[in-house]
Amino acid sequence: MFDCVLPTRNGRNGTLLTARGPINIKSKIYERDFSPLDPECDCYACRTFSRAYIRHLYRTGEILASRLCSWHNLRFLVALAEKMRQAILDGTFPAFREDFTASYASGSGE
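For the sequence shown, the tail end lands on 1223 under the numbering used here, and the numbers increase by one without skipping.
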């Protein structure tokens, strides 16, 4: 998961990492979804653009779509590392790991 190219390669191909599993933003189900990419994320893409708009960017071949999704994925991994670090310091890492794994494995991405 912490591979050097995973977040950018996945972003370029429309796969977004979220706490509730990955989503493929190119899917038709996001055509009229005006929610943020990941409601829990504080990155520029999530604060500024909707899933529908980023899907539109992909469909029209705009390079901005790849960049926004890559930035989102990078921020997701940095935020995950920050949360893990804090859980270790708090002595709650085993519980954090279980909660995160269960949520991510649900695979809904919603």
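Each residue gets a CB set at the ideal place from its N, CA and C atoms; glycine is no exception.
Could you pull the start and end residues of the alpha helix (DSSP H) that residue i belongs to?
i	result
residue 1203	1176-1203
residue 1120	1119-1125
residue 1152	Per DSSP, residue 1152 belongs to no alpha helix (DSSP H) and is neither H nor E.
residue 1131	Element bounds for residue 1131: n/a, residue is neither H nor E.
residue 1144	Segment: none, residue 1144 is in no alpha helix (DSSP H) and carries neither H nor E.
residue 1167	1164-1172
residue 1156	Premise fails: residue 1156 is in no alpha helix (DSSP H) and is neither H nor E.
residue 1216	1206-1218
Report back the beta-carbon spacing between residue i and residue j to the nearest angstrom; my notes put them in contact at under 8 Å.
i	j	result
residue 1167	residue 1156	12 Å between Cβ atoms; not a contact.
residue 1134	residue 1220	4 Å
residue 1165	residue 1144	6 Å
residue 1171	residue 1142	The pair is not a contact, with the Cβ atoms about 14 Å apart (cut-off 8 Å).
Give me, in chain order, the residues of the same chain whose beta-carbon lies closer than 6 Å to that of residue i; leave out the 5 immediate sequence neighbours on both sides.
i	result
residue 1209	1200
residue 1151	1131, 1159
residue 1216	1132, 1133
residue 1197	none
Using C-beta distances below 8 Å, list every residue in its chain close to residue i, excluding the 5 sequence neighbours before and after it, in chain order.
i	result
residue 1184	1124, 1156, 1157, 1158
residue 1120	1130, 1183, 1186, 1187, 1189, 1190
Of all the CB atoms in chain C, is at least one closer than 8 Å to the CB of residue i?
i	result
residue 1217	Here there is only one protein chain, and chain C is not present.
Going along the chain, which residues of its own chain have a beta-carbon closer than 7 Å to the beta-carbon of residue i, five neighbours each way excluded?
i	result
residue 1153	1132
residue 1179	1124, 1125
**Request:** Determine, using beta-carbon pairs with one atom in the region 1146-1161 and one in the region 1210-1218, whether at least three such pairs fall under 8 Å.
**Result:** no
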